[in-house]
Structure formats: C-alpha cells, structure tokens
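J.: Heads up: the sequence shown runs through residues -28 to -1, 1 to 711, numbered per mature numbering (1 follows the signal peptide of the UniProt record, and there is no 0).
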Amino acid sequence: MWFPDFRTRDFLLYVLMFVTIGLVKVEAVYDDEAFDTDWHLENIGRYECAVKVSNEHIGIISGYQDASMFSVLNSSNGGIVSRQPLTFIVADTMTLEDSKIALKSENGETHILDTKSGLFVGDEITVFSSSCKPDFSVVTIDQGKLQINGLSSPEIEHFHVDLPTDFEQILFLEASNDGFLQALVACKGLKYSYIQYENFVPTAQWSRDESLTDICAYTYMSLEPVSTTRITRELEIDEHMPVFEAYKRRAILSLERVKKAFVARRISPGRLIKEALENDDQETLRQRNIDFGFFKLLIVASNTGQISALSSIDGSKLWTVDTGLEDIIELEIVKTNSELVVFTSSGFSIVFDIKSIEEEPKLVRKQGIVPCSSINRLGSSDTFFAKTKQGFRVVIESGVPLSENVSYIVDHEAGGLSAFVLEHNDLKESWTVDLSPNEKIVGYAGKTHGHTVSVGTILGDRTVLYKYLYPNLAAYAVSDESAGVLRFHIIDTITGELVHSYFHDEKVNVEKPVNMVFGEHWCIYTFFSSEPVPEQKIVVVELYESLTPNERDSVPDSCADPLFYARKPEVITRAYLYPEIIRNLALTATKFDVTTKAVLLELESGQITYLPKSVVSGRRIEESKMTDADKKEFMALPYLCGIPINDQSILTHYRTFFPGSKSSLLSIPTNLESTTLICDIGHDIFCTRLSPSLQFDMLSPSFEKGKLLSTVLGLLLICYFLRPMVNSNRLKTRWLVKS
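#1: Rounding to the nearest angstrom, what Cα-Cα distance links H421 and D565 in this structure?
#2: When the Cα atoms are used, what is the spatial distance from L156 to L549?
#3: Could you work out which residue in E331, G35 and K88 is closest to D64 when comparing CA atoms only?
#4: Look at the alpha carbon of T295 and the alpha carbon of V215, and state the distance between them as a whole number of angstroms.
#5: Can you name the start and end residues of the beta strand (DSSP E) that V23 belongs to?
#6: Quick one: using the 10 Å Cβ neighbour count with 16 as the cut-off for buried, is K(-4) buried or exposed?
#7: G90 and S54: beta carbons closer than 8 Å?
#8: In this structure, how does DSSP classify D652 when only helix, strand and coil are distinguished?
#9: Between residue 712 and L290, what straight-line distance do the alpha-carbon atoms span, to the nearest angstrom?
#10: From what residue to what residue does the beta strand (DSSP E) around T624 run?
#11: Can you look up A218 in the DSSP assignment and give me helix, strand or coil?
#12: Output the distance between the C-alpha atoms of V527 and R18, rounded to the nearest integer angstrom.
#13: Within 10 angstroms of its Cβ, does P641 collect 16 or more other Cβ (buried), or is it exposed?
#14: Under the three-state reduction of DSSP, which class applies to G340: helix, strand or coil?
#15: Helix, strand or coil: how does DSSP classify V111 here?
#16: Looking only at its chain, what residues have a beta carbon closer than 6 Å to the beta carbon of E605, apart from the 5 residues adjacent to it on each side?
#17: Identify the continuous beta strand (DSSP E) that holds M598 and give its terminal residues.
#18: DSSP three-state label for F264, please.
#19: Kindly indicate which three-state DSSP category E206 falls into: helix, strand or coil?
#20: Which ranges would you report for the beta strand (DSSP E) in the segment 297 to 370 if only whole runs of at least 3 residues count?
#21: May I ask you to verify whether the segment 411 to 420 touches the segment 445 to 452, counting CB pairs closer than 8 Å and requiring at least 3?
#22: To the nearest angstrom, how far is the alpha carbon of G678 from that of V684?
#23: Across the segment 505 to 513 and the segment 527 to 536, are there enough close Cβ pairs to call them in contact, namely three or more that are closer than 8 Å?
#24: Identify the continuous alpha helix (DSSP H) that holds F693 and give its terminal residues.
#25: Quick check for students: name the residue ranges of the alpha helix (DSSP H) that lie wholly in the segment 544 to 613, counting only runs of 4 or more.
#26: Inspect the beta-carbon positions of G265 and S352 and report whether they are closer than 8 Å.
#27: Rounded C-beta distance between K650 and I187? I'm assuming under 8 Å.
#28: I271 and L297: beta carbons closer than 8 Å?
#29: Would you grab the beta carbon distance between V587 and L609 for me? Rounded to a whole angstrom, and I think it's under 8 Å.
#30: How would you call V25, buried or exposed, if buried means at least 16 neighbouring beta carbons within 10 angstroms?
#31: Using the rule of at least 16 other Cβ atoms within 10 Å of the residue's Cβ for burial, across every protein chain shown, is D3 buried or exposed?
#32: Given a cut-off of 8 Å, decide if G287 and L13 are closer than it, judged by their beta-carbon atoms.
#33: Could you spell out the range, first to last residue, of the beta strand (DSSP E) harbouring F100?
#34: Looking only at its chain, what residues have a beta carbon closer than 6 Å to the beta carbon of K563, apart from the 5 residues adjacent to it on each side?
#35: Could you tell me which residues DSSP puts in a beta bridge with D181?
#36: Could you round the C-beta distance between S665 and T567 to whole angstroms and report it? I think they count as a contact, below 8 Å.
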C-alpha cells in the first residue's frame, strides 16, 4: 500500500481543513420565535353558571358583549378547551346525555348544544330542570369549611375541605359519602378555585383569575435603561466640542471600558470566550430586554376597578391595586413616569406613585374634577382636555403648566366636529362642523406626528414625487343611513377648510366597523358595503404636492403658515377587497420611523394580522400598464383588486383572540428601530413583537456564536499554515523555478 510522503505541516494543514469544513457545516433551520415573544391571556369573564358536561370537562356560562358565551374547561388543570360566543343571553342551563346541554334564553326558547362539536342539534325539551343550582344536601358549610355528611367509610369519621378565605359562593358541586368531591368556588375579585377529591384523596386543584376581563382603560410605561442615560449625557458633551477632540474623547472612553471589562474578568480570554458561548442568565436577559426596550409596564384597569401592571415580556402580573372604582375611563402616566393618574366619569380621580415598578404603588392623593365623558392628553404634556357630560370642554392640569405655545384641539362626536384654541389656559372655540339629523360621524383619525425620514417617493426613473407633509390634517367619515352613503373628508384642523372629499354609494353597512388611520402623507380607511355584493373594502388615499415628478411647492426647512398656505394636495386613491371583516386598524410605530410602515388589522374571526404599506399603496397600477421605469421602483407591485390573507402574517398564529365590545389595538416603539410591540386589549389581552422590515439591528437568539468563532479561528490557523507555502511559491516564481 502506498502512502503519500506528506510533510508534517502539509499533513496538519489537510487535517485542519477537514476539521474546519466540519465545523462550519450549517443545517437550514427556520427560526420561529412565535411562542417565545408573544403571549395571550384568555379570559372567560364572570361565571354565571357552571355545569358538568363530561367526566373530564366543566361547562361555564358567562357574559360576552351583549349576549352570553359558553366555555369548556379541563377539570384536571383548569385550561380552556373551547370558547363559543352565543347569539342570545342564557338564563338557565340543563345537562343532558352524551355531552349535550340545553340552554334556555331570556325569552324562554331552548337550544340544545353538543359540547363536543359546538353545534346546536335541537330545541325541544319536555321538562326543563336547572343544573345551575348546586345540591347542598350532602354537604355542610361552616366557618369556611366544606364538610361531607354521612360518610360511608367507618375509618373516617369527619372529612372537610378548607374553602378559600375570600370565597363568595359555590357555583358547582358534586359530592358523595364515599369521599368523592368536585367543587368550583367563586372568590372575590373574579377569582375562581376548583378542588376535586376521590376516596378522600385530592386528585385535582387549580385556580383561575378572570380579573383582567373587559379592560376599560390602559396605558404603558417604558423603563429608561442606564446606558441610554449615559449615552445621552455623552452626546450632549460632544455637541459642544470640536470634531477631533470629541473623537479623541470617545476613543479614550472606549479603551477605558475595554480595560474595565478585562479587569472584571481577571484578564482571561478563556473566560471571555466562555461567556460569549454560554447562555445568558435571567438577570442578564432582563437587563437586555430593558436596554432593547422590550420590557414595558402595561397598566390596565378593568370594569371592576382593579388596576394591574403586566410585564410586556410574558404577561405576568407585577402588582395589582383594587381601587373600588367601577367607572374608570382613563389611565395616564405623568411627571416623567413617576405618577399614575386614574380618571373616572364621576369626576373623582386618584394618583399613585409608581416609581418602583415591581412593588404595589402608593397612594399619593385623591382629588375631584368635573364629571366627564372623555379625557384626552394634549401632546406629550401633563395637561388634559376633558369633555363634561353636559357637553362643555375644560382643561385639566396635572401640576405641570402647559407651555406658552398655542395648542389647537379638534374634538369629534357623532353629531359633528368642534375645534378649539388653547392659549394661556384660555380655551376658545375656533370652528365647528354640524351634520344633518340623518348623518353621523362613524370614523375619525388625526394625522400621526412622527419623524420625517424622506420628503419624497423615488420613482423608477430616479425622479421624485414630493409628499404633502402638512401636519395639521385629520380625516373623518360620515354615514347617511337614509341613502346608504359614506362620505370621506380630509380637513385642515387649524382653519377647518376641506382639503379632500370622496363619497361611496355602495350601500355601506354602518353596523359593521368603519376604521381609519392617518399616516405620514396617506390615509387608509375600511368599510363593509352591501352592493353590488357584500364585501369588505380597504381604501388608501395618498397626498402629494404634485403628481408631476420633481415639482415641489413647499420650501425646504421651513414651516408653512396654515392661515396663508392655500396649496392643496394632489390625490391618488386606490380601493382593495379583503376576504374578512376588519374590526380595528392601527399603524406600526418605531423609534425613528425608518422601518417600513405596516397596517395592523384586527379581524372579526379573532385573528390579528398586518399588511405592509407597499401592499396597500395608492400608486399600484395594472401590470399591463406598468412601464420599465415603474417596474424598477422600489417595492413596486402590480395592482390587484383583492388582497389575500398571508398565513405568515398572522400574528396570533393558532390562537383565537376575543376582542369584546370595545378593544384597542396599539403599537409601542422599542429602543430597536426594527422592532415594535403589538398589543390588543379587550376581553382578552394579546401582545407580540413585530419587525416589518425584519430584524436588521439584532441577531437571532439561535445565532450560532460557537460556529462563528470556530470558523474565524479555523481561518486564522489556515492562514498561519498557508503563509510559508505562499512565501515559498513567491520565491520560486522570482527565481524562475518550477514547483
């Protein structure tokens, strides 16, 4: 057998090459963080009746919107098996055979429901016997103890179970004298406990918290990372220094931080590599979430008066306060994230100190204001604009006076619009829009004020369409029920002048939601029409200074005077069909608005999805009409009248979100420009993260740091062994020696 006569260096080189190839081999893995970055709090609500539908399941009747909901719980762990909204209010329930139940409505009608399939299978019951009232004949309740009477076992004389200290009533009970017990207990604060015993031995015990059902008000608080404060302070110092001195100072500070890092790790490169490869501990992950802006405090108030703070990471409760106020209409954080103000419709408000985020807040003061129906914040100040129940408007200050600048406020209600001017705490009415008796406002959206990244849209031939960036705009929709017409208007909020108007005569169904959002230079609104066929429509309106490329009317770096700037925009509009009814709309918000905008949609089916703005564009044209320049435009898509649902854009995945009668869909910016937090708050609470332009500023959690370091190390070693060979070949080439 013949072996090649390799030199030692060559042999090591080949071995190293094979090892390196083995190290850098990577298998394709889809990195789906769906169940790591999102969470869903499923709620049932106040239990009105509990019945046994099978040996493993318990049925719950609760209220939902203007009717009832039937839910099935797993009796072993309390998990929700199914939730089914009903079209009527359930007055009583009766259990039948084969996992069927009979539901009696308020008007006396009976409906038989198959709990396995969720289908109604009949409506005739000869004798209706209620199953909602527990049988207490075999038990005794005394001093917080549930005792079974007449035990059959001679070995056990007494058997009792301790009930929760705050229990109110027993909703469901099954017991026998042989030691079998099933009980569902209602406690204070919409909390429920379940216990199960067999042969006097506990076999199941769980509890459910329904206090976060039907949120009536919410707010959120961002935690300022220490690094952000330090960087801001350093940037302020650098602004007042020459460029080279600022660069020199920054380099010195960076070297000092590197030295401190080595000293903290005892100048051990091995320890540095180990820390880079090993998984981060919980404290490191928590601090990273704060630095990235992922950790927010989501503060919600329920109809029962309970205020809870939830972690935006996993939805866990950090603290809870029971205010006893059942008419909370607004929550606001003032004085630089230090105080929480709770407003009520009765005119009573309370203030909490929330400086310590993980401790129960302390009551600072109670105060009385005028009874009001709505309260809105004026910009980022601690001043609020309130509308009283009598229709008057007042300004409420929260200790910090409003700036000397003039504020323009637009208020809307079903009967019209009202504009006000606030100057030196003096509120004056500016203009109004009154509607006829058969008209009402069904949608309103003010223009969002964010960062302006680009003043124009670059076309495929490198020309520019300049955006109409006038900030004082708002849009509203008016329905005429007698004619089935929907009118869409864009107005100047300073002067009340009509900027653009359009109407739809497709027999718009105003019983379905009419939603609206106003972005940088465009507005999107949705409605459901009945003619020519029932369908959901999405309309986009884009505003430009001129539809002629490179033609601009505004002056760069200047603010237009709304009283004298009379140039109206030129408008492009497109309409699209969508396969499902849209309940709610929102826009994604990021820190600097560099990331591509996306439109968030809450669907009637219980799903939350999104559409990139490029899909809902007013400049899409038919493919047959697209020129070569049109096709070269960034993210240009041919026009298709229908927008399908993309399965990869469903944020809720397999979950079903129950929004309730009034839900709020919001987007919260993080410290990473690519990522925003999406939350939908209503009967349920759902939160997730979304990166409309992908995560361009953060590595994936499954990033192979070990393989990257191994690859770099392998390349360095290969270069080390190849260097003598390269030098030898160069020398032979110079001396004209054949290798």
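Even for Gly, the Cβ is constructed at its ideal location relative to N, Cα and C.
T.: Looking at the coordinates:
#1: Distance from the CA atom of H421 to the CA atom of D565, rounded to whole angstroms, is 10 Å.
#2: 47 Å
#3: G35
#4: When the Cα atoms are used, T295 and V215 turn out to be separated by approximately 55 Å.
#5: Y19 to K24
#6: Note that K(-4) has pLDDT 39, beneath the 50 cutoff, so the model's placement of it is unreliable and the number below is only indicative. With fewer than 16 other Cβ atoms within 10 Å, it is exposed.
#7: In terms of Cβ geometry, G90 and S54 form a close pair [threshold 8 Å].
#8: Strand, per DSSP.
#9: As shown, the chain starts at -28 and ends at 711. That puts residue 712 outside it, with no answer to give.
#10: Note, T624: premise wrong, no beta strand (DSSP E); not H, not E.
#11: helix
#12: 59 Å
#13: Buried.
#14: strand
#15: strand
#16: Within the same chain, E605 has close Cβ partners L431 and G432.
#17: Segment: none, M598 is in no beta strand (DSSP E) and carries neither H nor E.
#18: helix
#19: helix
#20: 300 to 306, 311 to 316, 320 to 325, 334 to 340, 344 to 349, 355 to 360 and 365 to 369
#21: Short answer: they touch.
#22: 10 Å
#23: The segment 505 to 513 vs the segment 527 to 536: no contact.
#24: Segment K677 to R706, the alpha helix (DSSP H) holding F693.
#25: Listed in chain order, they are 600 to 604.
#26: no
#27: For the record, residue 650 in the displayed sequence is Ile; it is not Lys. That pair is no contact at about 16 Å.
#28: no
#29: 7 Å
#30: buried
#31: Bear in mind that a pLDDT of 44 at D3, under 50, signals an unreliable position, so the model cannot answer this.
#32: yes
#33: Careful: F100 lies outside any beta strand (DSSP E) and carries neither H nor E.
#34: Cβ neighbours of K563 beyond the five flanking positions: P641 and E645.
#35: D181 pairs with K163.
#36: 5 Å
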